[in-house]
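Residue numbers (our numbering): 1 to 216. See below for the structure under consideration.
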Amino acid sequence: MPVYQLPEEPVFPRPELAEPDGLLAVGGDLSPQRLLNAYASGIFPWYNEDSPILWWSPDPRLVLFPEEFKRHKNLRRLVQRGKFNVTINHDFQSVIKACSRVKRKNQTDTWITPEMQQAYIRLHELGFALSVECYLDEKLAGGLYGVVLGKVFFGESMFHTVTDASKVALWHLVDFLLKNHFKVIDVQQDTPHLRSLGARLIPRKEFLNLLKENIR
């Protein structure tokens with residue numbers, strides 16, 4: 001199947017037309033309207049600084065249903081100890097910048113480019129993005145951020161500079177989402193770490209149906 005060149009209008013081809021690796025389209029911009037249209041359609045941007053904007057819709061899709069989050073004993077003890085001070089939406093900009101700086105296995109550069117940072121900071125200002133911060137001795141030690149639409153949280157990235165800080169951030173995110181009746185966390189990329197915490201693969205068709213049911 002061809003990879004689609006996006007027009008100036010913030011529209012997308014059907015996710016089912018994506019390549020086997022999930023690549024659907026190229027081009028466009030990171031305006032709030034285009035990003036929100038993308039997430040509502042099960043599509044997200046992921047690209048490097050030296051490439052055009054690439055848009056993806058993998059099949060299958062890794063998701064975490066909040067009620068299936070695995071609260072392992074060691075992590076439960078850590079949370080109960082209160083080692084970290086955890087906040088929500090306290091410092092979105094610092095979280096996304098820290099995520100962009102963290103070196104990841106098999107990656108030589110970051111996909112969270114300055115352009116991406118500004119786009120998601122704008123979404124946060126508009127009320128469509130959320131961050132969780134973990135502090136140790138008043139210093140940011142870990143956190144995560146993502147997009148919020150309806151009752152769906154689209155996880156974008158997490159980081160830690162202190163062991164387990166990102167896991168504690170995820171624990172508190174899940175608590176927040178359960179309290180507010182969210183139905184699913186879109187994890188996007190399949191990793192053993194997230195599977196160990198309860199994430200699982202579902203067909204793209206099932207994921208798109210979840211979006212239709214939970215995004216108004």
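Even glycine gets a Cβ: it sits at the ideal position worked out from N, Cα and C. None of these values were measured; they are calculated from a predicted model.
Exercise. Can you name the start and end residues of the beta strand (DSSP E) that N85 belongs to?
Worked result: Element bounds for N85: 85 to 88.
For this session: List the endpoints of the continuous alpha helix (DSSP H) containing L69.
Result: Just to set this straight, residue 69 is Phe in the shown sequence, not Leu. Careful: F69 lies outside any alpha helix (DSSP H) and carries neither H nor E.
Exercise. So, L23 versus W56, is the Cβ gap smaller than 8 Å?
Worked result: Going by C-beta atoms, L23 is nearer than 8 Å to W56.
For this session: Look up Y145 in the DSSP assignment and say whether it is helix, strand or coil.
Result: For Y145, the secondary structure class from DSSP, reduced to helix, strand or coil, is strand.
Exercise. Can you tell me the Cα-Cα spacing of S100 and S131, whole angstroms?
Worked result: 14 Å
For this session: Measure the C-alpha to C-alpha separation of P15 and V3 and round it to an integer number of angstroms.
Result: 11 Å
For this session: Output yes or no for whether 8 Å exceeds the beta carbon distance between L54 and P45.
Result: yes
For this session: Kindly confirm or deny that the stretch 161 to 180 and the stretch 76 to 88 touch, where touching means at least three C-beta pairs closer than 8 Å.
Result: yes
Problem set entry | Secondary structure of A199, DSSP reduced to three states | coil
For this session: Could you tell me which uninterrupted beta strand (DSSP E) segments, each at least 3 residues in length, are contained entirely in the stretch 28 to 72, listed from first to last along the chain?
Result: 54 to 56, 61 to 64
Problem set entry | Whole runs of the alpha helix (DSSP H) within the stretch 169 to 199, excluding any shorter than 4 residues | Complete alpha helix (DSSP H) runs here, min 4: 192 to 196.
Exercise. Taking DSSP as the reference, what is the three-state secondary structure of E138?
Worked result: coil
Exercise. Can you tell me the Cα-Cα spacing of L178 and L197, whole angstroms?
Worked result: 16 Å
Exercise. If I96 and I121 are in contact, beta carbons under 8 Å, what's the gap, nearest whole angstrom?
Worked result: 7 Å
Problem set entry | Residue interval of the beta strand (DSSP E) (run including V152) | 152 to 160 is the span of the beta strand (DSSP E), which, as asked, contains V152.
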